């Protein structure tokens, strides 16, 4: 069984309806380490060694965060900058992350229709996530399509709970190492058949 | 054999120790133990204490006096106002319902209407001493049932004043005053009836006025000497003299004490008085219960067993019925309602007072008095037993559990924080907590500051926090966090040691003056140490809030906000003139500054300021657009 590290990052978790519902569902699962970055490092003083050890002891890293200004919240970016060091995460001898999986779980205020060529944001979510994808590539990790909960400004609680159930199921699949659909043929992990039966 | 006071004291104490230990071992309440001890050592069983039942009761009433003083202390007028609906509503229904039903009951038993009315007044009252002692022992004071009982008892305690005032109006005017078989003379006896009633109400007003304008200033003077015994002496002096005054005008000393307590409850000495009197109270209360047990007159029971038994059963059933209905009116859950029904179904200690008063006024005859006194004592003995049956057999089948999950905002309120020391370090903590809606209970030994903080609306108590009893009355047993913000590390050390050993669950957060103090605390295994400065006091405060469920990052931002705003205000305040003449002037100036700061804290509402990343704003904007 694979174990999963959820790097959770939300500067105002207490006010986030969508992320509370999602996180509540999965944070106490056996095999899941729910790591709340803003709670651990309110002063942005990240303990790099501890973080490296944490990453090393997990097979799948989930970057769970709201999608702010086409990217992740600042502390998560800082985490990436500081923890994924040359010589450890990448570079000639940097192989600590080889073969681990990288997954972004995101919430967006805007709907899917807003994130497309004709939408207000002009590009699809996956286009905005390119930097994450390439970071994973550089570290020799396997990048999975994102699991996205979109349109949270208008979504009803009921729908959010359905998403939370999907999230829960997805984590089970990842733990059992069920091979998910080919990265190239799918935009969102939400769409894989196992989550939609 | 009964001549020596020492011998009687030994009998009482031994009886109490043996019977209460046994009762506790059996899981019964201590009240029952005391009552049984009284019955055993009383004149009708072992006969250790003679036929002086009444004298014993008279002396033992002091327990009730202290209890009522302490109950009075707990009723701050503003809490009273908050609870007024339940107090008047529940208490009113209970007293009116019980009086009405029992009046007709006694008429049915063939008593004269005046006697029936007096009896029904007595029956309407429940025993504050028994009920509250039991509720406190079980820790149920904060439940629905606890609050309801408290309200009803409170209403009764107040209504007694009017009942005592009304009794003289019932006197048979055709019997001349000389024939009155009153035992103790009082000032009121020779007054005309209307004036007696007036005088009784007048003495109540007197207590309220002297309490506010004489006793509190006196206590402040005494507190300034810093000699602890003097405060104990002052506390006892207050209770004794109020009781004495009340007796002088022929009123119940317990009532006077109750009023005195209410008057002082608003003062900063509340907790100090509470903790000083508590040990005396419990023992004397035990003595009172024993005296009640000892005064159960088995000769009267043997003479008319049917009347006594009939009234006893009728009274308990009737009171229980009214209480059950009262509970239904106020929509209590079934289990809470049953607890209420059985815990207040006895006749209370004020019945002794009321009945004796009525006897001295010639309203009652000797055998009527005897029967009712026995019934009263018996109800006090029987209802705790019924309560146990209810608890063991009935409740387990009906029990509904309260749900545990509460929304975030309530986490802060359900946790108790005690803050000791409100100097520079402590006041910053207090302010930061307050801007987040958390009110700590504050202890401080500077009576000027205590005074000022009370004015600012803080819950503050004066006293030496290293005294365990004071901390206990400030609620350390229910507290989650104790903040030691005094500047003397020795005092903190002493406090921390005792709290750690006695209340290991309370989280200790201490201020360390320097690294040497920090070493010492670490060696005492205190983990949460804050070496002093503006930043550390805020760090401590944010740690407290984090324990209550606030997010750390949000708090981090609030600290930055607070510091920035505090720096701004220091700059502003620095421009104002500060005197440098003498210490007192300086101290007063400092308090004024604090007052300004606290006001600004409130106006500015630092918390609401921080709305970044808040999806809620966008959502409401979107909704408004739609409509």
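Protein chains in written order, with our numbering: chain G, 1453 to 1649; chain E, 6 to 632. By construction, the Cβ of each residue, glycine as well, lies at the ideal position given by its N, Cα and C atoms. These figures come from a predicted structure and were not determined experimentally.
Closer than 7 Å by beta-carbon distance: list the chain G residues that pair up with residue i, in chain order.
i, result
"residue 624/E", "1605"
"residue 541/E", "The premise fails here: residue 541/E is roughly 14 Å from chain G at the closest Cβ pair, so nothing lies under 7 Å."
"residue 535/E", "Simply none; closest approach about 16 Å."
Residue range of the beta strand (DSSP E) that residue i falls in?
i, result
"residue 1488/G", "1484–1488"
"residue 535/E", "533–536"
"residue 1602/G", "1599–1602"
"residue 449/E", "446–449"
"residue 517/E", "512–517"
"residue 489/E", "484–489"
"residue 421/E", "421–425"
When you compare only the Cα positions, how much space is there between residue i and residue j?
i, j, result
"residue 1518/G", "residue 1555/G", "14 Å"
"residue 356/E", "residue 475/E", "33 Å"
"residue 543/E", "residue 1487/G", "25 Å"
"residue 15/E", "residue 39/E", "15 Å"
"residue 250/E", "residue 66/E", "15 Å"
"residue 1579/G", "residue 1639/G", "10 Å"
"residue 1467/G", "residue 488/E", "29 Å"
"residue 1604/G", "residue 1469/G", "9 Å"
"residue 1615/G", "residue 1481/G", "16 Å"
"residue 388/E", "residue 138/E", "14 Å"
"residue 1630/G", "residue 1507/G", "21 Å"
"residue 390/E", "residue 102/E", "24 Å"
"residue 1646/G", "residue 1597/G", "15 Å"
"residue 322/E", "residue 113/E", "16 Å"
"residue 248/E", "residue 521/E", "52 Å"
"residue 209/E", "residue 365/E", "21 Å"
Can you list, in chain order, the residues of its chain with a C-beta nearer than 8 Å to that of residue i? Leave out the 5 residues immediately preceding and following it.
i, result
"residue 142/E", "34 and 35"
"residue 91/E", "152, 153, 156 and 335"
"residue 337/E", "149, 150, 153 and 345"
"residue 633/E", "No answer is possible for residue 633/E: the residues shown for chain E start at 6 and end at 632."
"residue 291/E", "21, 25, 35, 39 and 68"
"residue 49/E", "301, 302, 303 and 304"
"residue 628/E", "none"
"residue 1602/G", "1559, 1560, 1562, 1563, 1564, 1567 and 1577"
For residue i, go through chain E and note every residue whose CB falls closer than 7 Å to its CB, in chain order.
i, result
"residue 1468/G", "620"
With residue i as the anchor, note down where its alpha helix (DSSP H) starts and where it stops.
i, result
"residue 364/E", "354–365"
"residue 372/E", "371–394"
"residue 479/E", "Note, residue 479/E: premise wrong, no alpha helix (DSSP H); not H, not E."
"residue 630/E", "620–631"
"residue 86/E", "82–87"
"residue 120/E", "118–129"
"residue 528/E", "520–528"
"residue 1413/G", "This structure does not reach residue 1413/G, given that chain G is present from 1453 up to 1649, and the question cannot be answered."
Find the nearest neighbour of residue i within the set the options, judged by alpha-carbon distance.
i, options, result
"residue 277/E", "550/E, 317/E and 473/E", "473/E"
"residue 93/E", "156/E, 107/E and 470/E", "156/E"
"residue 484/E", "549/E, 257/E, 166/E and 450/E", "549/E"
"residue 1511/G", "1472/G, 1459/G, 1570/G and 1610/G", "1459/G"
"residue 121/E", "374/E, 237/E and 348/E", "374/E"
"residue 384/E", "319/E, 109/E and 365/E", "319/E"
"residue 340/E", "392/E, 30/E, 493/E and 244/E", "392/E"
"residue 76/E", "17/E, 95/E, 111/E and 159/E", "159/E"
"residue 125/E", "232/E, 360/E and 566/E", "360/E"
"residue 454/E", "478/E, 446/E and 466/E", "466/E"
Can you find the residues in the same chain that come closer than 6 Å, C-beta to C-beta, to residue i, ignoring five residues on each side of it along the sequence?
i, result
"residue 626/E", "none"
"residue 1567/G", "1573, 1576 and 1577"
"residue 332/E", "342 and 345"
"residue 430/E", "490, 516, 537 and 542"
"residue 116/E", "none"
"residue 354/E", "69, 132 and 134"
"residue 1594/G", "1553"
"residue 182/E", "Because the pLDDT at residue 182/E is just 43, under 50, the model does not fix this residue reliably, and the point stays unresolved."
Chain E partners of residue i, CB-CB under 9 Å?
i, result
"residue 1499/G", "What residue 1499/G touches in chain E: nothing, since even the nearest Cβ is about 14 Å away."
"residue 1571/G", "Correct list: empty, because the minimum Cβ distance to chain E is about 16 Å."
"residue 1610/G", "None at all; the shortest Cβ gap to chain E is about 16 Å."
"residue 1463/G", "556, 558, 559, 562, 617 and 618"
Under 8 Å Cβ-Cβ, which residues of chain E neighbour residue i?
i, result
"residue 1495/G", "561"
For residue i, go through chain G and note every residue whose CB falls closer than 8 Å to its CB, in chain order.
i, result
"residue 627/E", "1605 and 1606"
"residue 439/E", "Residues of chain G passing the Cβ test: none, with the nearest at roughly 19 Å."
Starting from the C-beta of residue i, find all residues in its chain whose C-beta is less than 7 Å away, skip the five residues before and the five after it, and write them out in chain order.
i, result
"residue 212/E", "247, 261, 264, 265 and 268"
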